[in-house]
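Undergrad:
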Amino acid sequence: MIEWYLDIFYGESEARYDLTLPQESRISIRETSNIRFSVSVEETEFHNFGTPYLVISDIPVEMKFSHDNDGYRVFESIDPIMSHSSRYFYNFFGESEISLYFDLRTSSAFSSHTVNILARRANAELASEMLEHITSKLDDAISICFSRSKVPVGFDDSQTFNFSRLDIIQNAITYLSESLPTFLREHKYTWKPKMEMTERGQPTGPDSVHWVLNNLDKLSPASVDDANLVYNNRGYRLDMLPKESIVKEQNVYENQVIHTFLHNMILLLIDIKEQYSIESLVHGNDVVDLEYVRFDHTMSKFTQLALAHKVNQIDSLMVAIEQLKRVFKSKLPASLVPGIQPRVTSYVAKHLHYRNTFLLIDKCYKAPSPSFEGASLLLGLKNLSIVYETSSLLLLHESIKRCFAVKLDEMSYREHSEFHPFGGVHKIRPQGKVNNYFRFDSELFTVELFYEPKIYPFSKNSSEGDLVDTSYSRRNKYGLHHFCPDFVLKIKSQEWTKPATIILDSKYKDASTIQQYDINTLTQKYLLNIHQVNSNGRLGVSAVNLLLLLFPHSRNGNVVRTVARQHCLDGEYPLLPQSSAILVKPTEAELLDDHLSSFIEVMNEDAKIVVANL
Numbered sequence: 002m003i004e005w006y007l008d009i010f011y012g013e014s015e016a017r018y019d020l021t022l023p024q025e026s027r028i029s030i031r032e033t034s035n036i037r038f039s040v041s042v043e044e045t046e047f048h049n050f051g052t053p054y055l056v057i058s059d060i061p062v063e064m065k066f067s068h069d070n071d072g073y074r075v076f077e078s079i080d081p082i083m084s085h086s087s088r089y090f091y092n093f094f095g096e097s098e099i100s101l102y103f104d105l106r107t108s109s110a111f112s113s114h115t116v117n118i119l120a121r122r123a124n125a126e127l128a129s130e131m132l133e134h135i136t137s138k139l140d141d142a143i144s145i146c147f148s149r150s151k152v153p154v155g156f157d158d159s160q161t162f163n164f165s166r167l168d169i170i171q172n173a174i175t176y177l178s179e180s181l182p183t184f185l186r187e188h189k190y191t192w193k194p195k196m197e198m199t200e201r202g203q204p205t206g207p208d209s210v211h212w213v214l215n216n217l218d219k220l221s222p223a224s225v226d227d228a229n230l231v232y233n234n235r236g237y238r239l240d241m242l243p244k245e246s247i248v249k250e251q252n253v254y255e256n257q258v259i260h261t262f263l264h265n266m267i268l269l270l271i272d273i274k275e276q277y278s279i280e281s282l283v284h285g286n287d288v289v290d291l292e293y294v295r296f297d298h299t300m301s302k303f304t305q306l307a308l309a310h311k312v313n314q315i316d317s318l319m320v321a322i323e324q325l326k327r328v329f330k331s332k333l334p335a336s337l338v339p340g341i342q343p344r345v346t347s348y349v350a351k352h353l354h355y356r357n358t359f360l361l362i363d364k365c366y367k368a369p370s371p372s373f374e375g376a377s378l379l380l381g382l383k384n385l386s387i388v389y390e391t392s393s394l395l396l397l398h399e400s401i402k403r404c405f406a407v408k409l410d411e412m413s414y415r416e417h418s419e420f421h422p423f424g425g426v427h428k429i430r431p432q433g434k435v436n437n438y439f440r441f442d443s444e445l446f447t448v449e450l451f452y453e454p455k456i457y458p459f460s461k462n463s464s465e466g467d468l469v470d471t472s473y474s475r476r477n478k479y480g481l482h483h484f485c486p487d488f489v490l491k492i493k494s495q496e497w498t499k500p501a502t503i504i505l506d507s508k509y510k511d512a513s514t515i516q517q518y519d520i521n522t523l524t525q526k527y528l529l530n531i532h533q534v535n536s537n538g539r540l541g542v543s544a545v546n547l548l549l550l551l552f553p554h555s556r557n558g559n560v561v562r563t564v565a566r567q568h569c570l571d572g573e574y575p576l577l578p579q580s581s582a583i584l585v586k587p588t589e590a591e592l593l594d595d596h597l598s599s600f601i602e603v604m605n606e607d608a609k610i611v612v613a614n615l
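Each residue of the sequence shown is one higher than the last, beginning at 2 in my numbering.
Here you go:
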């Protein structure tokens, strides 16, 4: 038998919940409460299941053996109950899931519970501001985090599942719309005889002669002047005679595939729209007390906005498909053939617009079912640090474009490993993951943005240009020690003699807390203990020029400096490298622009000095 419990400590109060039993109502936890988890495993079960551990959302919580109790092994969460680290839901809000796992049964959770996290009022207000920013930029957020549309689209098999099914449909319809003039001008058809009845018909073809022979009972004798048909030297008359001509027949396999595809996509989109349409939920008062508030209603509002965005996208796509259906029905009529699949015929192989269309149709049919990742984006934002990271990612994209005058040319997902070079290797983005590599280009600049890259120690796998972790650290049970800053910018300029590197880290804190606890530690970690492999395969001068910490709380100032005011980036005598922390949030992002622009000016001035000394 296995039992697990949740102990909540807040102020002088203490509450215990038996998570083995179904709860009559959802448990509510203040985000600042201290938490202890305990798991009791019967001795016989322990050998089958192993040591327990918990996962809160996607954050693991270790358990340690505490004591034996009447044939049970009792494990407790590893953090001391009155320590800050035992506030497992600190800066969380809304719903959060607690799952129990065992190290010998890792394939699925043994048990799970959903709890409500009560946010501090100040956190709820700031989270609402950031979520509003993310939602207002939902097109950008979905594109940046999930879309593959910026990666060059080929028609080879390696690109088959680069897009969600909805995106593939969008690409197919866009291509068909753009190629419509080509289809109208050059399309597959065959010639077929056409017979029509006229007073001046001439039954000279096999079908018209056959018709006359089958309608001899309609013949009437006529004089030479009135006869319109002569048979055995005798004159006859028919009111209407058949006339044959040769016309184009567009009801062929190639066109049937396109017509059937458009029809099937309308049915599919209707089904998707019905599946993901959501109803407004009725919520009670969000206020719990004067200090804490529920956040479910706010999250629901932004989730509904995300889903509404996708539904609007489907509506637009359906309108485009209906327009195509009308044009094809009018200009290239063909019948619907249930179950027809695209295959490359000789005509398709010789005509690029048919070949590309058939490949896209094939991808649409084979792609996995779509998911509303815009909604997943918001539904996954249960931790204010993650909300702030996502908001910072959007703000950083906007700032890079403004300051460097570049445009986004590539975004993709890269897998990181100690065996891969810095920046990882390109992989098809797994479901639920976000894009983590972005490249911006202009004639002057190339800016690479890495989101949460892993920086490993120097090894035989390290190559020129790789950032490496040079700290004094060892491998642990989780793998090789590595750094994982939120953002790394690698910048190349036609005017600079060498590339530059900026590391940015989002901290959901205020200036005072960063000054006291973070900036010195992170300066040591990122500014001093990250180096770059040079052309000789060795490590030289640190490649990191600037460390910028981003924070959203403005109550204790908006800048934290580590150098004298005159040596800051916007000072009279700026210097590099340096580290600082700046206030950045959706309503106040000017400091990020100012620091990036000042960084460019400092690098440009340094490049001029180098050129002058040559």
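C-beta: ideal position from N, C-alpha, C; glycine also.
Quick one, are the C-beta atoms of V564 and L576 less than 8 Å apart?
TA: Against a cut-off of 8 Å, the Cβ pair of L576 and V564 comes out as a contact.
Undergrad: What's the gap between the Cα of D71 and the Cα of H48?
TA: Cα to Cα, the separation comes out at about 17 Å.
Undergrad: Quick one: complete alpha helix (DSSP H) runs, 4+ long, within the region 391 to 479?
TA: Listed in chain order, there is nothing to give.
Undergrad: Secondary structure at V152, three-state DSSP: helix, strand or coil?
TA: Summary for V152: the model assigns pLDDT 37, below 50, so the residue's position carries little reliability, and this model does not support an answer.
Undergrad: Determine the direct distance from the alpha carbon of F423 to that of Y438, and round the result to whole angstroms.
TA: Straight-line Cα distance between these residues: approximately 12 Å.
Undergrad: Return the Cβ separation of Y176 and N357 in integer angstroms, given the expectation that the two are a contact with Cβ distance under 8 Å.
TA: Indeed, because the Cβ distance is near 6 Å, the residues count as touching under 8 Å.
Undergrad: Could you give the distance in angstroms between the alpha-carbon of F111 and the alpha-carbon of Y54?
TA: Each residue's Cα considered, the two are about 10 Å apart.
Undergrad: Please give the ranges of any alpha helix (DSSP H) in the region 12 to 86, keeping only runs that are unbroken, at least 4 residues long and fully inside the region.
TA: Whole alpha helix (DSSP H) segments, 4+ residues: 44 to 50.
Undergrad: Is it a yes or a no for the region 248 to 262 touching the region 344 to 357, going by three-plus beta-carbon pairs under 8 Å?
TA: The region 248 to 262, when compared against the region 344 to 357, does touch it at the 8 Å Cβ threshold.
Undergrad: On the DSSP bridge list, what partners appear for M196?
TA: Answer is E245.
Undergrad: Secondary structure at E496, three-state DSSP: helix, strand or coil?
TA: Coil, per DSSP.
Undergrad: For a test of the three-state rule: what should DSSP assign to V210, helix, strand or coil?
TA: Looking at V210 - three-state DSSP - the assignment turns out to be helix.
Undergrad: Starting from F484, follow its DSSP beta bridges and name the residues at the other end.
TA: Its beta-bridge partners are I456.
Undergrad: Assuming Y389 and P553 are in contact, meaning their beta carbons sit under 8 Å apart, how far apart are those beta carbons, in whole angstroms?
TA: At roughly 6 Å, the Cβ-Cβ gap stays under 8 Å, so Y389 and P553 are in contact.
Undergrad: Classify P222 as helix, strand or coil using the three-state DSSP reduction.
TA: Of the three classes helix, strand and coil, the one that applies to P222 here is strand, per DSSP.
Undergrad: What does DSSP give as the partner residues of G236 in its beta bridges?
TA: In DSSP, G236 forms a bridge with V231.
Undergrad: Using three-state DSSP, classify A368 as helix, strand or coil.
TA: The answer is coil: DSSP assigns A368 none of H, G, I, E or B.
Undergrad: Measuring only the C-alpha atoms, how far is W192 from D141?
TA: Computed Cα separation, rounded: 50 Å.
Undergrad: Would DSSP call I504 helix, strand or coil?
TA: Reduced to three states, the DSSP call for I504 is strand.
Undergrad: Figure out for me which residue from L592, I362 and S224 has the closest Cα to the Cα of G340.
TA: For the residues L592, I362 and S224, the minimum Cα distance to G340 belongs to I362.
Undergrad: Going by CA-CA distance only, name the one from F446, S513 and L548 that's closest to F488.
TA: For F488, the nearest C-alpha among the options comes from L548.
Undergrad: Apart from the five residues on each side of it in sequence, which residues of its chain come closer than 7 Å, Cβ to Cβ, to N546?
TA: Correct list, in chain order: A501, T502, I503, L577 and P578.
Undergrad: Is S100 helix, strand or coil by DSSP?
TA: Strand at S100.
Undergrad: Quick check on this structure: which residue in A582, R566, E496 and D506 has the alpha carbon closest to the alpha carbon of E602?
TA: Per the Cα distances, E496.
Undergrad: Kindly indicate which three-state DSSP category F90 falls into: helix, strand or coil?
TA: Three-state result, F90: coil.
Undergrad: Where does R430 land, buried or exposed, given buried means 16+ other C-beta within 10 angstroms?
TA: Its Cβ being crowded by 16 or more others within 10 Å, R430 is buried.
Undergrad: Between the Cα of D595 and the Cα atoms of A608, G572, N436 and V56, which residue gives the shortest distance?
TA: Per the Cα distances, G572.
Undergrad: Taking the beta strand (DSSP E) that T183 belongs to, which residues open and close that run?
TA: From DSSP, T183 is part of no beta strand (DSSP E) but of the alpha helix (DSSP H) over L181 to R186.
Undergrad: Buried or exposed: which applies to N286, given that a residue is buried once 16 or more other Cβ atoms fall within 10 Å of its Cβ?
TA: Residue placement at N286 is flagged as unreliable, the pLDDT there being 45, under the threshold of 50; the coordinate-derived value follows with that caveat. With fewer than 16 Cβ atoms within 10 Å of its Cβ, N286 is classed as exposed.
Undergrad: Hey, quick one: how far does the beta strand (DSSP E) through R562 stretch, first residue to last?
TA: From DSSP, the beta strand (DSSP E) with R562 extends over V560 to R562.
Undergrad: How big is the Cα-Cα spacing for L333 and G95?
TA: For L333 and G95, the distance between alpha carbons rounds to 54 Å.
Undergrad: Could you name the residues that DSSP lists as bridge partners for G95?
TA: According to DSSP, which records beta bridges pairwise, G95 is partnered with I118.
Undergrad: In chain order, which continuous runs of the alpha helix (DSSP H) of length 4 or greater are located wholly inside the region 332 to 356?
TA: As far as the region 332 to 356 is concerned, its whole alpha helix (DSSP H) runs of at least 4 residues are 347 to 351.
Undergrad: Contact between the region 314 to 329 and the region 266 to 274: three or more CB pairs below 8 Å?
TA: With the cut-off at 8 Å, the region 314 to 329 and the region 266 to 274 touch.
Undergrad: Specify the secondary structure class of V626 as computed by DSSP and reduced to three states.
TA: An answer regarding residue 626 cannot be provided, because it is not within the stretch 2 to 615 covered by the chain.
Undergrad: Taking the alpha carbon of H188 as the point to measure from, which residue in S336, H352, S386 and R327 has its own alpha carbon closest?
TA: Residue H352 is the option with its Cα nearest to H188.
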